[in-house]
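Okay, so here's the structure we're looking at.
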Amino acid sequence: MDHLHHLKDEDVLLLLNDLLEQYGYDFTDYSFASVKRRLQRVYIADRFPGFAEFRYKVKTDAGYLVHLMEQITVNVTEMFRDPGFFRELCRQVLPVLATYPLIRIWHAGCSSGEEAYSVAILLHEMNLLHKSIIYATDINENVLETARRGIFPLQYMQQYSQNYLLSGGQQEFSRYYAANYEYARFSDILKEKIIFAAHNLVTDHSFNEFQLIICRNVLIYFNKDLQDKVLHLFSDSLEQLGFLALGAKETLRFTTVAPLFKPIAHKEKIWRKIAT
Amino acid sequence: MTPLPKLLVIGGSAGSLDVLIQLLPELEPEWPLAMIIVLHRKAGSDTLLSELLSAKTCLSVKEAEEKDMLLPGCIYVAPADYHLLIEPDGSLTLDASEKVHYSRPSIDVTFISAAEVCGGHLYCLLLSGANMDGAEGMQAVHESGGFTSVQDPATAEAPFMPKYAINTARVDKVFNIREMIDFVKGLKA
Chain F
11 MDHLHHLKDE DVLLLLNDLL EQYGYDFTDY SFASVKRRLQ RVYIADRFPG FAEFRYKVKT
71 DAGYLVHLME QITVNVTEMF RDPGFFRELC RQVLPVLATY PLIRIWHAGC SSGEEAYSVA
131 ILLHEMNLLH KSIIYATDIN ENVLETARRG IFPLQYMQQY SQNYLLSGGQ QEFSRYYAAN
191 YEYARFSDIL KEKIIFAAHN LVTDHSFNEF QLIICRNVLI YFNKDLQDKV LHLFSDSLEQ
251 LGFLALGAKE TLRFTTVAPL FKPIAHKEKI WRKIAT
Chain C
4 MTPLPKLLVI GGSAGSLDVL IQLLPELEPE WPLAMIIVLH RKAGSDTLLS ELLSAKTCLS
64 VKEAEEKDML LPGCIYVAPA DYHLLIEPDG SLTLDASEKV HYSRPSIDVT FISAAEVCGG
124 HLYCLLLSGA NMDGAEGMQA VHESGGFTSV QDPATAEAPF MPKYAINTAR VDKVFNIREM
184 IDFVKGLKA
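Line order of the protein sequences matches chains F and C.
Heads up, the first sequence is in the numbering used here, so the first residue is 11 and it goes up one at a time.
Heads up, the second sequence is in the numbering used here, so the first residue is 4 and it goes up one at a time.
Written out as C-alpha cells, the structure is:
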C-alpha cells in the first residue's frame with residue numbers, strides 16, 4: 011500500500027462528518043477501526059487519485075453515495091449461520107411464540123435477507139409461518155432489494171443445505187427454492203411473510219412491538235454508547251417476555267439493559283425480557 | 004489515558020500451532036507486552052484453541068472479545084470466523100466481513116490494523132502456513148515503523164507463507180525456532 015493511497019485518521023473523520031452533515035448518516039459511533047478499513051477498501055478499489063477527489067465524489071454524487079453506503083456497512087451473511095443458534099431457536103423460542111395468535115418478529119440489520127429466509131423456513135416447518143410476520147430491516151436500500159428478490163447464488167446451496175440440516179431442518183432443503191441457471195429463487199410462501207424495509211438503528215425509532223428481535227453481528231460494529239442506545243430500542247420494542255437474539259460474539263453483559271433480561275441460552279446468545 | 008502497551012502480533016496457519024506450543028511455555032510471568040495470536044482454522048472450532056494455548060503458559064490467555072482492552076502480559080486469540088481489529092484507544096473490535104485470502108480471521112487484517120494504531124511499538128511475527136496471508140500486512144507494519152519477522156521457511160512445516168512474505172514484504176528478521184523464542188522472551192516494555 012503506497013502512502014498516497016492510505017487514508018489518514020483525519021480523512022476518515024472528515025468523510026464521516028460529511029456523511030452526517032450532508033446526508034444524515036451517522037457513523038461517528040461506529041467502531042473507528044472497522045469503518046476506516048471499509049473506507050480504505052473503497053478508496054483503493056475505486057481508484058481515486060487522491061483523498062480530495064474521493065471526498066468530492068462523496069459530496070457531489072448521490073449515486074456514488076448509495077454505493078459507498080453499501081461498502082461501509084458489512085453485508086456478509088449466510089443462511090443458517092451458526093446452526094446451534096437456530097436449533098436453540100426451534101427448541102426454546104418458537105414453541106413459546108406458537109402460543110400467540112399473531113407472531114411478530116423483527117430482524118434488524120438483515121442485509122441481503124438470508125437469515126430472515128432461514129427463520130421463515132423454520133417457522134414454516136413448525137406450521138407457524140401462516141400466522142407470522144417477519145419485519146426485516148437494514149440501513150441499506152441496495153441489499154434490501156436483493157433480499158426482496160430472494161434470489162441467491164446456487165453455488166452456496168450445498169453449504170446452506172448442510173447448515174439447514176445441522177439447524178434441525180426436517181425437509182429436503184431444495185424444496186424451498188427453484189434452481190435456475192446459477193441462481194436459487196426462494197419460494198413465494200416464504201417471501202409473503204417477510205416485509206423488507208429500510209430502518210437505521212442509529213437514528214430511527216421503534217415501529218412496533220415484537221415477541222422476538224434478532225440482530226446478529228451488527229452491534230460488534232458499534233461503540234459502547236451506541237450499543238446501549240440500540241439495546242434500549244430493542245428492549246422498548248419487545249413485549250414483556252419477548253426474546254432477543256444476538257450474534258455469537260455479542261453480549262448484554264456490562265450494558266445498561268442487562269438487568270431487564272435473563273439469558274436462556276448462553277452460548278447461542280438468546281435472552282428473554284423479564285422487566286421494563 | 005494510559006499509553007498502549009507494546010504489542011506483538013503472531014500470525015500462523017498450517018503447521019504453526021506446534022511452534023506456538025514451543026514458544027509459549029518459555030515466557031516469564033512478567034513478560035511485559037500484549038500479544039495477539041491470529042491463527043487460521045475452521046469456523047466453529049470454538050474456544051478450544053485458547054484453552055489449549057492457555058495450558059501452555061503462565062500468562063493469561065483469552066479468546067478476544069469485542070471491546071477488550073489490550074493489557075500487558077495478556078494474550079488475545081482471534082476467535083474463529085471473525086477478523087480482529089485494534090481501535091485507536093487500544094480496545095479490540097471483531098468484524099464479520101468478507102474473508103481475506105480465504106481466511107477469517109485474516110492475519111493481514113490484524114497486522115494492518117495494528118500498524119495503524121501502534122506504529123513503532125509493534126512487533127509482528129509470521130509463522131508456518133500455506134497461504135499468502137500476512138505479507139501485505141507485514142509491509143504495512145514495516146511502513147509504520149514496526150518490526151517484522153518470519154519463521155525461517157526451512158524450519159516451517161508449510162514454508163509457503165513465510166517465504167511469500169520474505170519475497171514480497173520488508174522482513175527485518177528471519178528466525179529459526181530457537182532464535183524466535185529467545186527474541187520474544189527478551190522483548191522489553
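No residue lacks a Cβ here, since even glycine has one placed at the ideal position from N, Cα and C.
Model, not experiment: these values are computed from the prediction.
By DSSP's assignment, F:P163 forms a beta bridge with F:Y193.
Under DSSP, the beta-bridge partners assigned to C:I40 are C:I13 and C:V80.
If you draw a straight line from the Cα of F:N27 to the Cα of F:S197, it comes to about 42 Å.
With a threshold of 7 Å between beta carbons, C:T158 makes no contact with chain F.
Between the C-alpha atoms of F:L251 and F:I144 there is a straight-line separation of about 18 Å. Distance from the Cα of C:C127 is smallest, within the candidate group C:M72, C:S106, C:F186 and C:L52, for C:F186. With a 10 Å radius around the Cβ and a threshold of 16 neighbouring Cβ atoms, F:G73 comes out exposed.
The C-beta separation of F:L211 from F:A146 comes to about 13 Å, leaving the pair out of contact by the 8 Å criterion.
For C:E69, the closest Cβ of chain F is nearer than 7 Å. Residues of chain F whose Cβ lies closer than 8 Å to the Cβ of C:L88 are, in chain order, S41, A43, S44 and R47.
In summary, F:T87 is buried, with 16 or more beta-carbon neighbours lying within 10 Å of its beta-carbon over all protein chains present.
Residue nearest to C:E119 within the set F:N218, F:E20 and F:R97 is F:E20 (criterion: CA-CA distance). In this structure, DSSP gives F:Q181 a state outside helix and strand, which the three-state scheme calls coil.
Residue environment: F:Y110 is assigned as exposed (fewer than 16 neighbouring CB atoms within 10 Å of its CB, all protein chains considered).
Inter-segment contact for the segment 161-176 of chain F and the segment 89-108 of chain F is present: three or more beta-carbon pairs are separated by less than 8 Å. With a cutoff of 7 Å on beta-carbon distance, C:G14 and C:V41 are scored as near each other.
Look at the segment 92-147 of chain F and you find these whole runs of beta strand (DSSP E), each 3 residues long or longer: 113-118.
For F:N173, the nearest beta carbon of chain C is not closer than 7 Å to its own beta carbon.
Taking a C-beta cut-off of 7 Å against chain F, the contacting residues of the segment 75-103 of chain C are P82, Y85, L88, I89, E90, P91, T96, L97, D98, A99, S100 and E101, listed in chain order. Residue nearest to F:L256 within the set F:P273, F:E249 and F:S128 is F:P273 (criterion: CA-CA distance).
Of all residues in the segment 225-243 of chain F, only N227, I230 and K234 place a beta-carbon less than 7 Å from a beta-carbon of chain C. Remark: three or more beta-carbon pairs, one from each stretch, lie closer than 8 Å, so the segment 79-88 of chain C and the segment 107-115 of chain C are flagged as touching. Residue contact with chain C for F:K141: absent (no Cβ-Cβ distance below 7 Å to any residue of chain C). Residue-level contact check: C:S53 does not touch chain F, since none of the beta carbons of chain F fall below 7 Å from its beta carbon.
By the rule that beta-carbons nearer than 7 Å mark a contact, F:V84 touches chain C. A Cβ-Cβ separation of about 18 Å leaves F:F96 out of contact with F:G160 under the 8 Å criterion.
Inclusion of C:L36 and C:L7 in the CB contact set at 7 Å is not warranted, their separation being larger than that value. Collapsing the DSSP output to three states places C:M72 in a strand. CA-CA distance, C:T50 to F:Q180, rounds to 29 Å. In this structure, the straight-line span from the alpha carbon of C:Y105 to that of C:M135 is close to 10 Å. The alpha helix (DSSP H) runs of length 4 or more contained entirely in the segment 34-73 of chain F are, from start to end of the chain, 42-55 and 61-70. For F:F244, the closest of F:D36, F:T266 and F:Y231 by C-alpha to C-alpha distance is F:T266. Burial is judged here by how many other beta carbons sit within 10 angstroms of a residue's own beta carbon; C:G148 has fewer than 16 and is exposed.
Classified as exposed, F:F217 has fewer than 16 neighbouring CB atoms from the shown chains inside 10 Å of its CB. Proximity to C:K176 across C:G140, C:L129 and C:G137 peaks at C:L129, based on C-alpha coordinates. With fewer than 16 other Cβ atoms from the protein chains shown falling within 10 Å of its own Cβ, C:G123 counts as exposed.
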